[in-house]
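See structure below.
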Amino acid sequence: MKITFLGHSCFLIETSGHRLLVDPFLRENPAAAIPPENVQCDHILISHGHEDHTADAAEIAKANNATIIANYEIAQYFGAQGLTTHGLNPGGGFTFPFGRASLTPAIHTSSLNAGANPLYMGVACGIVIEADDRRIYHAGDTALFSDMKLIGRAGLDLAIVPIGDNFTMGPADALDALDLLQAKQAIPMHYNTWELIAQDAQSFSASATERGHAVTALAPGESLVLP
Ligand code: NI
Ligand code: MN
12 MKITFLGHSC FLIETSGHRL LVDPFLRENP AAAIPPENVQ CDHILISHGH EDHTADAAEI
72 AKANNATIIA NYEIAQYFGA QGLTTHGLNP GGGFTFPFGR ASLTPAIHTS SLNAGANPLY
132 MGVACGIVIE ADDRRIYHAG DTALFSDMKL IGRAGLDLAI VPIGDNFTMG PADALDALDL
192 LQAKQAIPMH YNTWELIAQD AQSFSASATE RGHAVTALAP GESLVLP
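Residue numbering for the sequence shown follows my numbering, beginning at 12 and increasing consecutively.
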């Protein structure tokens with residue numbers, strides 16, 4: 012299984028027979044690896060409504076005839092645009108052609124068109140993907156919470172966690188998250204896209220190594236292959 016970081020919280024996960032895209036935000040992302048028209052995928056998984064996780068979802072879904080998997084409200088929103096969607100909610104999962112996807116809690120907000128009248132998009136979630144005998148947790152945008160221990164209890168091959176601070180947990184809390192999750196490997200996300208969430212990923216990785224965690228900080232466009 013190959014995991015490619017496309018920038019911010021967007022990842023392409025290539026399984027033996029499928030291409031899964033998580034949290035598409037490329038065109039307006041100053042640090043994106045590729046533009047949305049270069050993405051090929053069959054499923055798009057979305058953690059929550061904010062534009063930095065959903066902005067290119069409709070365009071990519073339409074171009075690829077891909078199914079959007081997200082919480083119920085986000086699924087309804089994109090479904091009303093004529094796109095194929097599958098709604099879930101935290102604690103629930105479903106077996107798709109690629110394997111199982113389930114949503115977890117996250118502590119964050121979830122809205123679209125955030126201005127004077129934001130359109131609320133259900134609760135923010137994390138995503139667990141089980142495919143090719145691997146289990147991956149994409150935390151979405153979240154604070155640290157002790158129930159991460161439950162997410163890790165069945166064993167995780169990879170945990171993808173935000174470290175940017177300001178909108179999500181920062182590096183110190185993300186280190187505690189790794190302690191709770193006990194994943195075999197981890198990748199930091201949601202940092203350095205803008206100055207507001209600038210972080211030193213190498214320093215985070217070094218601190219994580221001291222605590223016994225294997226962390227790989229990927230630059231946009233770089234991949235990690237799970238053994
Ligand atoms: Ni967010
Ligand atoms: Mn975000």
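Each residue gets a CB set at the ideal place from its N, CA and C atoms; glycine is no exception.
These figures come from a predicted structure and were not determined experimentally.
Close beta carbons around residue i, own chain, < 8 Å, minus the five adjacent residues each side
i	result
residue 180	153, 154, 155, 172, 173, 174, 188
residue 46	37, 38
residue 201	19, 20, 152, 173, 174, 175, 178, 179, 208
residue 42	18, 19, 203, 204, 231
residue 210	174, 175, 176, 181, 182, 199, 202, 203
Contact set for residue i: own chain, Cβ-Cβ below 7 Å, skip 5 residues either direction
i	result
residue 94	69, 72, 73, 79
residue 229	16, 198, 235
residue 124	130
residue 60	85, 121, 122, 123, 132
residue 227	196, 198, 235
CB-CB length for residue i against residue j, believed under 8 Å
i	j	result
residue 98	residue 81	7 Å
residue 140	residue 110	7 Å
residue 90	residue 96	4 Å
residue 148	residue 166	Their Cβ separation, rounded to whole angstroms, is 11 Å, which puts residue 148 and residue 166 out of contact at 8 Å.
residue 120	residue 101	With a Cβ gap of about 15 Å, residue 120 and residue 101 do not count as contacting.
residue 151	residue 117	5 Å
residue 186	residue 219	6 Å
Cβ-based burial, residue i [other Cβ within 10 Å; buried from 16]
i	result
residue 20	buried
residue 84	buried
residue 177	exposed
residue 146	buried
residue 35	buried
residue 108	exposed
residue 203	buried
residue 65	buried
residue 40	buried
residue 144	exposed
residue 238	exposed
residue 5	The chain is shown only over 12 to 238; residue 5 falls outside these bounds and no answer can be derived.
residue 58	buried
residue 67	buried
residue 127	exposed
residue 183	exposed
residue 158	exposed
residue 223	exposed
Chain-order list of residues whose beta-carbon lies under 6 Å from that of residue i (same chain, five-residue window excluded)
i	result
residue 232	44
residue 160	191
residue 239	In the structure displayed, the chain extends from 12 to 238; residue 239 sits before or after that span and is not available.
residue 129	122
residue 170	148, 192, 194, 197
residue 142	26, 109, 110
residue 13	25, 234, 236
residue 76	none
>> Under 8 Å, with one C-beta from each stretch per pair, do the segment 212-228 and the segment 23-30 reach the 3-pair mark?
In response: no
> Could you give the uninterrupted runs of the beta strand (DSSP E) lying entirely in the segment 179-230, keeping only those of 3 residues or more?
Replying inline: 196-200
>> Does the contact criterion of 3 or more C-beta pairs under 8 Å hold for the segment 46-55 versus the segment 119-137?
In response: no
> Of all the alpha helix (DSSP H) runs that stay within the bounds of the segment 77-149, which reach a length of 4 or more residues?
Replying inline: 83-90
>> List, from N- to C-terminal side, the alpha helix (DSSP H) runs of 4 residues or more that fit wholly inside the segment 28-77.
In response: 62-65, 68-75
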